[in-house]
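Asker: When we follow full-length UniProt numbering, the leftmost residue of the sequence shown carries the number 1, and every step to the right adds one. Backbone N, C-alpha and C define an ideal beta-carbon position, used for all residues, glycine too. Bear in mind that the values here come from a model prediction, so they are computed numbers and not experimental data. Have a look at the structure that comes next, please.
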Amino acid sequence: MLQDVALNCFNITQSYLSIDAGNVLATSGHVIRQTQEAIQTSRQYLLQDIFTRWDPFNGDISFSYNGGKDCQVLLIIYLGCLWEFFLSSIEGSQYGPQFHKFPLQQLPTVYIDQEDTFDTAQEFLQASVDRYYLSLYESAKDKKIDMPSAFESFLTVHPETEAIVIGVRHADPFGESLRPIQKTDPSWPQFYRLQPLLHWNLSQIWSFLLYSGEEMCGLYEMGFTSLGSVNNTVRNPYLRVPEPIASFTKADTKHSDFQWEIENNFRGDSKTHFNKINETDLTKIRNHDASEFHPGWYLTKDEWERAGRLAKKV
C-alpha cells in the first residue's frame, strides 16, 4: 500500500536527520551535516510552499520519475512529506492514523521517454512502479516528438495536473538559472515546474541514497554516474581501475566517502542494493570497455558527473 511506503520513506528521512554528524568520521560527518540541511530545505519547499498551494492528494501534482538517482532521492523525500501532510490533515482527530484512509492508492507519475534507454534502467523503472506504488504515464518513444509536445500529450490525458515535481539540480545542464517553483516557458504547455532538489550536490545525493538502503539502478554499481541514452552514455572515465584514461586527471577513488552510510544504512544490513544488470547491457558495456570501474558513488565532483555522456551524433 502507498500508505506503508510513504510511512517507510518518512522513517528513512527522519532516521537520516537524526544522525549525530559530530560522531561520524570527519569527511562523512561534514557531508551528512550538509545533506541534513539540504533535506530540511526540500521539506520546507514541499510542506510549506507547494502542498499549501497545490493539493498532492487530489491530482493537482504529478511526479516526474525516470528511475535515476536524483529522482529516487526526491521521491523518497516527497513520499515522506506526503505522510507528514496526511498526518497534519487528521490532526485533532480522536483516532490514530491507522483508522484514517490514506488519500492516495498510487502516486501520479509521468515519464517522458524519448531515448533508447538501457534495458537495466527500464527494468529498474518498472520495478519502481511496483515498489513505490506509482501510477506511471509513459510517453510514446517517438524521437520525432519534442519534449513540450510529449508533456502536452500527458496533460491531455491528465488535465487535472497543474504542477509537476522534477528532480533537477543546479549542477545539471541549464539548471543554474532554475527556481524551486516556476511556470513553464510560453512555448511549452502551461504548468508549474516544482524543483525542490536544486540546491543538492552529488555527494549529498549519494550519501542519502546509500543510507536509505533502497534498491538502486544496477548501472551505478558498474561505474555509471549519469544515465542517458544507451547510444551516448558510458561508464564514467574518472572511475576506471586502476587509472582513468590519460586525458583525465586522476580522481581520488582509493575508497568510497560513504562507507559509514553503507555500514549504518536504514535497512540495517550494511550492504548496497541494486537491480540485476541486463545481459544485453552487460555485453554492450564490456564490449565498449572491458576495464574494471569503481562504483558510481566513488565520484563526488559535480563537474565530472556527466563525463560519461558522449557528444550526440548529428
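1) Mind listing, in chain order, the continuous beta strand (DSSP E) runs of no fewer than 3 residues lying wholly within the stretch 57-83?
2) Secondary structure at residue 198, three-state DSSP: helix, strand or coil?
3) Spell out a yes or no on whether the stretch 199-214 and the stretch 88-106 are touching, meaning 3 or more CB-CB pairs, one atom from each, closer than 8 Å.
4) Taking the straight line between their C-alpha atoms, what separation do you get for residue 331 and residue 225?
5) Beta-carbon within less than 8 Å of residue 190's beta-carbon, same chain only, minus the 5 sequence neighbours each way: which residues are those?
6) Please report how far the alpha carbon of residue 82 lies from the alpha carbon of residue 56, in whole angstroms.
7) Look at the Cβ atom of residue 178, then the Cβ atom of residue 42, and state whether they are nearer than 8 Å.
8) With H, G and I counted as helix, E and B as strand and the rest as coil, what does DSSP make of residue 306?
9) Measure the C-alpha to C-alpha separation of residue 88 and residue 235 and round it to an integer number of angstroms.
10) Can you check DSSP and say which residues form a bridge with residue 163?
11) Between the alpha carbons of residue 320 and residue 209, how many angstroms are there, rounded?
12) Indicate whether the contact test is met: 3 or more Cβ pairs, each with one atom in the stretch 151-160 and one in the stretch 115-133, closer than 8 Å.
13) Do the stretch 126-140 and the stretch 99-108 make contact, defined as three or more Cβ pairs closer than 8 Å?
14) Return the chain-ordered list of same chain residues with a C-beta closer than 6 Å to the C-beta of residue 220, the five sequence neighbours on each side being excluded.
15) Starting from the C-beta of residue 25, find all residues in its chain whose C-beta is less than 8 Å away, skip the five residues before and the five after it, and write them out in chain order.
16) Over the uninterrupted beta strand (DSSP E) stretch that includes residue 157, give me the two end residues.
17) Does the separation of the CB atoms of residue 163 and residue 61 fall below 8 Å?
18) Could you check what DSSP says for residue 90 in three-state terms: helix, strand or coil?
19) Taking 7 Å as the cut-off, is the CB of residue 182 close to at least one heavy atom of the ligand NAD?
20) Along the chain, where does the beta strand (DSSP E) that runs through residue 129 open and close?
21) Using a 10 Å radius around the Cβ and a threshold of 16 neighbouring Cβ atoms, would you call residue 52 buried or exposed?
22) Run through the DSSP bridge pairs and tell me what residue 233 is partnered with.
23) Taking the DSSP output, what are the residues bridged to residue 108?
24) List the whole-angstrom C-beta distance separating residue 237 from residue 307, where the pair is believed to meet the contact cut-off of C-beta under 8 Å.
25) Given that a residue counts as buried once 16 or more other Cβ atoms are within 10 Å of its Cβ, and exposed if not, what is residue 19?
26) Could you tell me the boundaries of the alpha helix (DSSP H) in which residue 181 lies?
27) Should residue 12 go down as buried or exposed, given a rule of 16 or more other Cβ atoms within 10 Å for buried?
28) Pick from 84, 114, 285: whose alpha carbon is nearest that of residue 145?
29) Can the beta-carbon of residue 174 be found closer than 8 Å to that of residue 108?
30) Please report the Cβ distance between residue 5 and residue 74, rounded to the nearest whole angstrom; I am assuming they are in contact, meaning their Cβ atoms lie under 8 Å.
31) Excluding sequence positions up to five away, which residues of its chain have a Cβ less than 7 Å from the Cβ of residue 201?
Answerer: Put simply:
1) 61-64
2) coil
3) The stretch 199-214 makes no contact with the stretch 88-106, as fewer than three CB pairs between them are under 8 Å.
4) One cannot answer for residue 331 here, as it falls past the ends of the chain, which runs 1 to 314.
5) 183, 184
6) 8 Å
7) Against a cut-off of 8 Å, the Cβ pair of residue 42 and residue 178 comes out as no contact.
8) DSSP places residue 306 in coil when its eight states are reduced to three.
9) Residue 88 and residue 235: Cα-Cα distance of roughly 44 Å.
10) Note: residue 163 sits in a beta bridge opposite 61, 192.
11) Because the chain in this structure spans residues 1 to 314, residue 320 falls outside the shown range and cannot be described.
12) no
13) yes
14) 296
15) 260
16) Judged by DSSP secondary structure, residue 157 falls outside any beta strand (DSSP E) and instead within the alpha helix (DSSP H) spanning 147-157.
17) yes
18) coil
19) This structure simply doesn't include the ligand NAD, nor any ligand for that matter.
20) Element bounds for residue 129: not the beta strand (DSSP E) but the alpha helix (DSSP H), 119-131.
21) exposed
22) 309
23) The partner list for residue 108 (beta bridge, DSSP) reads 135.
24) 6 Å
25) buried
26) Note, residue 181: premise wrong, no alpha helix (DSSP H); beta strand (DSSP E) at 181-183.
27) buried
28) 114
29) Result no, Cβ atoms of residue 174 and residue 108 do not sit closer than 8 Å.
30) Wrong, their Cβ atoms sit about 15 Å apart, outside the cutoff.
31) 171, 302
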